[in-house]
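Numbering (my numbering), first residue to last: 813 to 1077.
Before any comments, here is the structure.
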């Protein structure tokens, strides 16, 4: 009888201990699961699965932005481009509206990150390669100087396309975070560098036109003989504007119906 009583008392002591241990383990498992979910939501994508996932607290455009960087680091540049374009399209619709109610510092930081990535579509050679040399080779011509002239013309055309893309990015940034945001400085510096390159290239090409004795500029509608350097004449000595026109095509001045070039069509 005494032995049975001792066994019963031992069981009564062990049962609460076992239940308490099981409850503690269950609570720890749930806490660990919550932390894991929180970390996943903060990252916005799971590297092991190779793509973005839907986060609970991260805006969708931020998820796409981070996904773009993920694919860029994997050297899948076209995927990175598509994710960043998708991020911009979504952000264009939601961030300016949020700014009207009061933009948070976190959203501004996210916008600056997206802005930096969107600029990479212009400044990064992997995302925006320069194939002017290859295109110039396909245009023919055995004169090395003329080929270099064509290369420069193609480069100016590319810069103008890039500048047009920056126009859209800057327009978004102005509406989303404002012109005075700290990260806008990089965009303005990039645009200034592009403008300087265009000016320098235009000047070089105008000198090459004289050396090559070209009768028609390949970068705008003016014939070389209509481009005096003394500040007089129909164009006042302006340098070429950098708009590329294929060799052999006699361009037309759309702003002057009386331009002799209009009679060559």
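Glycine residues also receive a C-beta, built at the ideal position from the N, C-alpha and C atoms.
Predicted, not measured: the structure shown is a model, and the values here were computed from it.
Under three-state DSSP, which class holds residue i?
i            : result
residue 888  : coil
residue 1020 : helix
residue 960  : helix
residue 993  : coil
residue 870  : coil
residue 951  : coil
residue 1026 : coil
residue 939  : coil
residue 914  : coil
Spatial neighbours of residue i within its chain, please: C-beta separation below 8 Å, excluding the five flanking residues on both sides.
i           : result
residue 926 : 873, 874, 877, 896, 899, 900 and 903
residue 893 : 880, 933 and 939
residue 994 : 924
Buried or exposed for residue i, going by 16 or more other Cβ atoms inside 10 Å?
i            : result
residue 1014 : buried
residue 1048 : Residue placement at residue 1048 is poorly supported in this model, since its pLDDT is 35, which falls under 50; the coordinates still yield a value, given next. It is exposed - the Cβ of residue 1048 has fewer than 16 other Cβ atoms within 10 Å.
residue 871  : buried
residue 918  : exposed
residue 992  : exposed
residue 1017 : buried
residue 945  : exposed
residue 921  : exposed
residue 1011 : exposed
residue 967  : buried
Give the range of the alpha helix (DSSP H) segment to which residue i is assigned.
i           : result
residue 918 : 917-935
Can you list, in chain order, the residues of its chain whose CB lies under 6 Å from that of residue i, leaving out five sequence neighbours each side?
i           : result
residue 962 : 948 and 951
residue 989 : 920 and 923
Please go through the same chain and pick out, in chain order, the residues whose beta-carbon is closer than 7 Å to the beta-carbon of residue i, but skip the five residues on each side of it.
i            : result
residue 1024 : 957, 958 and 961
Taking one C-beta from the stretch 968-982 and one from the stretch 997-1010 each time, how about it: are there three or more such pairs within less than 8 Å?
yes
Segment contact flag, the stretch 990-1001 with the stretch 927-936, C-beta cutoff 8 Å, min 3 pairs
yes
Is it true that the stretch 908-920 meets the stretch 883-891, where meeting means three or more beta-carbon pairs spaced less than 8 Å apart?
no
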